[in-house]
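Numbering (the working numbering), first residue to last: 113 to 241. Even glycine gets a Cβ: it sits at the ideal position worked out from N, Cα and C.
Written as structure tokens, this is what we have:
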């Protein structure tokens, strides 16, 4: 693990463990997160950092460890649910992620007037929706 390259989390790619966008780090291959906040589930603690495996390793019959479904699991880490401060921040992030142009939004409310669903439509660069 000492040879791993660490990337700082940010708003676009928050910590997959605590969901925050600062202080934490993830290895470039997405295998391990170094979280400052969540100890539960960590495989190691060092100087206030909690290390979490994001891609589990299993041992083959010859005693050598190898990754299981590392490509799929790396995609799951990349698309892990993110927490946004409000709905508009989530809408803006979705637009940046798909590279589309905002077209319209529809808000659905329950009988009490509380928002229960928002549908957002983007015009994608390839002409799709």
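CA-to-CA distance, residue j to residue i, given in whole angstroms
i, j, result
"residue 140", "residue 206", "23 Å"
"residue 270", "residue 229", "Residue 270 falls outside the range modelled here, since the chain spans only 113 to 241, and no answer is possible."
"residue 120", "residue 167", "18 Å"
"residue 152", "residue 126", "18 Å"
"residue 150", "residue 239", "42 Å"
"residue 155", "residue 118", "17 Å"
"residue 146", "residue 122", "14 Å"
"residue 237", "residue 124", "20 Å"
"residue 220", "residue 128", "30 Å"
"residue 225", "residue 165", "42 Å"
"residue 222", "residue 214", "25 Å"
"residue 218", "residue 227", "11 Å"
Nearest to residue i (by Cα), restricted to the options the options
i, options, result
"residue 116", "151, 124, 144, 231", "144"
"residue 234", "203, 164, 225, 148", "203"
"residue 201", "223, 232, 226, 222", "232"
>> Closer than 8 Å is the cut-off here; do at least three beta carbon pairs connect the region 125-145 with the region 206-217?
In response: no
> Hey, is the region 195-203 in contact with the region 150-170, meaning 3+ C-beta pairs nearer than 8 Å?
Replying inline: Contact between the region 195-203 and the region 150-170 is absent: fewer than three C-beta pairs spanning the two stretches fall below 8 Å.
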